[in-house]
Amino acid sequence: MSSSAGPVASSEGYRYDVSRNLVTAGLATQAVKPSSNYIGRSYDAIVIGAGFTGLAAARDLSVAGKHVLLLEARDRIGGRTWTAQVDGHNTEMGGTWIHWLQPHVWAEVTRYGLVDGVKISSGTSNEADVSYLNDTKDGFVKERPEITDLRLLPLMFKFMDIDGAGGRTLFPQPYQPMQCADLWTSWDISLQERADQLDISIEDRDFLLSWLCINACSSAAESSFLNMLRLYALSGYDFNTFMEICGKMKLKEGTTTLASAIYSEYKGASLFNRVVKSVLSTDGEVEVATKAGDVFHAKHVICTIPLHCLSDVEFSPSLPQAFKTTKHANLGAKVHIHSSLSVDPWFGISDGNHSVCAVFTESPSAQGGTHLVSFGISDKLIAQHHIKDNPKAYILALQNDVVPKSVRIEPTHITWHDWTRDEFAKGAWASYGPKQLSGGLGEITMNPRLSDRIILANADWATGWVGYIDGALEMGRKAGRDTALELDRIAG
């Protein structure tokens with residue numbers, strides 16, 4: 132499927148101009164795509180959702196010669212990952228960072244010749260200083276990361292080492308998270324509960340948890356120890372590797388470049404701005420209806436709707452209870468800041484008790500300032516109101532919560548997508564709470580099929596990098612392969 136020639140205004144995303152005290156909605160992006168000129172009514176497979184899961188599944192099915200329809204509720208591809216062009220800067224509104232230790236995304240980066248287009252975020256580079264909360268006059272310590280590591284890494288190892296083997300016995304094969312459920316069920320506790328088990332000082336406990344809350348964008352009490360241990364295992368049981376995977380490398384031209392590359396190889400039909408109303412199994416096929424009144428039929432359906440939104444759709448057979456009741460904890464925010472001042476490479480954190488838990492430099496700006504990216508905690512300021520209703524409050528929280536006096540930031544603009552209030556996401560990337568892997572999430576992970584003809588696939592319940600771009604691609608490729616094999620069996 133061909134891509135659009137240049138950036139087009141999406142209906143999504145917000146920007147606040149500090150000097151004008153003005154919020155504008157709708158950001159330009161190359162993720163906006165036109166619908167196909169001709170849309171049929173009957174297909175081999177319908178893929179619902181054009182995020183990375185849906186794009187990978189649709190591409191693989193169409194390349195395998197299947198007749199495919201891709202349905203998307205938004206005006207663009209990418210789902211919870213898209214790149215906006217703001218003052219000539221590629222601004223990642225959702226998922227961003229990738230790594231060669233993530234097999235599925237790196238395979239796609241290699242496939243489309245994008246390896247040379249990978250860049251490093253300055254705040255997670257070797258040149259960046261680190262700051263964190265401390266009982267000092269400034270309220271923060273700012274130091275070289277190797278100094279921070281002398282304190283952090285022994286604490287982190289102790290935190291993860293529940294078995295005398297660095298946590299390895301619980302997830303010996305991280306892409307099979309349910310394999311040793313009998314061993315880890317009793318460890319399905321919160322980050323706070325695990326930290327409280329350690330024989331360390333209160334200061335060290337709070338310091339440790341401040342680093343762990345970044346991943347979840349939620350408090351230590353609401354965040355799962357097992358969720359963190361799974362990601363730690365996928366990172367080779369090394370915390371610095373985990374941090375590098377999660378925040379160091381990104382595509383210079385934006386994640387939409389990768390999404391568009393996948394979409395350009397897709398050979399089927401596409402229909403955007405279509406919200407699915409129902410997915411109903413009938414005699415030998417599946418009927419998919421949209422709120423706009425369209426009705427389509429297919430032999431198989433791959434539904435990639437995020438976990439928090441599945442209950443908005445009528446399914447037959449009906450959704451298992453686990454899909455209805457399981458929720459992830461991440462209702463946080465990702466907010467970009469442009470500072471008129473040049474800021475040296477820096478990574479700053481607060482903790483889960485503050486509205487803004489982290490901020491770091493991304494790159495110098497063409498205007499002579501600096502691009503930074505920040506993250507807000509789920510149940511604090513951003514839970515009270517949409518940022519667009521009081522953007523000054525977010526900027527104030529940023530300055531108070533996470534910026535040392537030795538770092539000067541003068542915001543000219545902030546840019547964001549309110550994922551929590553987005554009707555097609557209802558939250559940011561999936562990061563789960565305690566008792567979920569041993570409960571509903573585990574049930575979903577073991578059986579993501581609704582029926583022989585309907586597969587539910589999304590990064591929210593990936594077996595590997597759950598909540599990440601890699602997890603989305605993993606689930607999409609698996610669903611596409613399974614569906615293609617089943618279609619071949621039927622045809623054979």
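Going by this note's numbering, the sequence shown opens with residue 132, and the numbers climb by one from there. Where is the CB? At the ideal position from N, CA and C, for every residue including glycine. Fair warning: this is a prediction, and the values are worked out from it, not measured in the lab.
Approximately 3 Å separates the beta-carbon atoms of cysteine 348 and glycine 463; this is inside 8 Å, confirming the contact. Residue environment analysis places arginine 580 among the exposed positions, since fewer than 16 neighbouring C-beta atoms fall within 10 angstroms of its C-beta.
Cβ-Cβ distances below 8 Å link glutamine 530 to Ile540 in the same chain, with the five nearest sequence neighbours on each side left out; the list follows chain order. In the assembly as shown, glutamine 233 is a buried residue. Its beta-carbon has 16 or more other beta-carbons within 10 Å.
Per DSSP, reduced to three states, the secondary structure at cysteine 488 is strand.
Looking at Tyr145, Thr614, Tyr263, Gly297, the one whose alpha-carbon comes closest to that of arginine 282 is Tyr263. Under the rule that a run must span 3 or more residues, the beta strand (DSSP E) segments found entirely inside the segment 421-493 read 426-434, 445-447, 464-470, 477-480. Taking C-beta atoms as the reference points, threonine 614 and tryptophan 592 fail to come closer than 8 Å. With a contact defined as Cβ atoms closer than 8 Å, alanine 364 and phenylalanine 290 miss out at about 14 Å.
A direct Cα-to-Cα measurement between glutamate 384 and aspartate 482 gives close to 31 Å. Counting only unbroken stretches of 4 or more residues, the alpha helix (DSSP H) elements lying wholly within the segment 261-322 are 276-291, 312-315, in sequence order. Each residue's CA atom was taken as its position, placing leucine 503 and proline 535 some 15 Å apart.
Between the segment 454-470 and the segment 548-560, the count of Cβ pairs shorter than 8 Å is three or higher; the stretches touch. Assignment of lysine 383 by DSSP, reduced to helix, strand and coil, places it in the coil class. The segment 350-370 makes no contact with the segment 182-198, as fewer than three CB pairs between them are under 8 Å. Histidine 469 and glycine 570 have their C-alpha atoms spaced approximately 42 Å apart. With distances taken between CA atoms, serine 141 lies nearest to Ala204 out of Gly611, Ala204, Tyr169. Counting along the chain, the unbroken alpha helix (DSSP H) around aspartate 613 starts and ends at 600-622. Taking every protein chain shown into account, the CB of histidine 431 has 16 or more other CB atoms within 10 angstroms, so this residue is buried. Contact check for isoleucine 433 against alanine 588 passes: the beta carbons are separated by less than 8 Å. Counted as a single uninterrupted DSSP element, the alpha helix (DSSP H) harbouring asparagine 371 occupies residues 370-378. Here alanine 159 is not near valine 178, since their CB atoms are 8 Å or more apart. Rounded to the nearest angstrom, the gap between the Cα atoms of glutamate 605 and glutamine 304 is 16 Å. Scanning its chain for C-beta atoms nearer than 6 Å, with the 5 sequence neighbours on each side dropped, one finds around lysine 557 the residues His439, Cys440, in chain order. Looking at Thr227, Ala189, Leu402, the one whose alpha-carbon comes closest to that of tryptophan 560 is Thr227. Put simply, the backbone Cα of lysine 273 is about 21 Å away from that of proline 542. Contact between leucine 200 and alanine 400 is confirmed by a C-beta separation of about 5 Å, below the 8 Å threshold. In the three-state scheme derived from DSSP, where H, G and I count as helix and E and B as strand, arginine 207 is classed as strand. For lysine 398, DSSP assigns no beta-bridge partner whatsoever.
Distance from the CA atom of threonine 279 to the CA atom of serine 173, rounded to whole angstroms, is 59 Å. Of the candidates Asn152, Glu239, Val597, the residue whose Cα lies closest to the Cα of glycine 248 is Glu239. Fewer than three pairs of CB atoms, one per stretch, sit closer than 8 Å, so the segment 512-523 makes no contact with the segment 251-260. Where threonine 576 is concerned, the enclosing alpha helix (DSSP H) starts and stops at 571-577. Per DSSP, the continuous beta strand (DSSP E) segment holding glutamate 223 begins and ends at 220-223. Residue environment: lysine 381 is assigned as buried (16 or more neighbouring CB atoms within 10 Å of its CB, all protein chains considered). Secondary structure note for phenylalanine 403: it is in no beta strand (DSSP E), with a DSSP letter that is neither H nor E.
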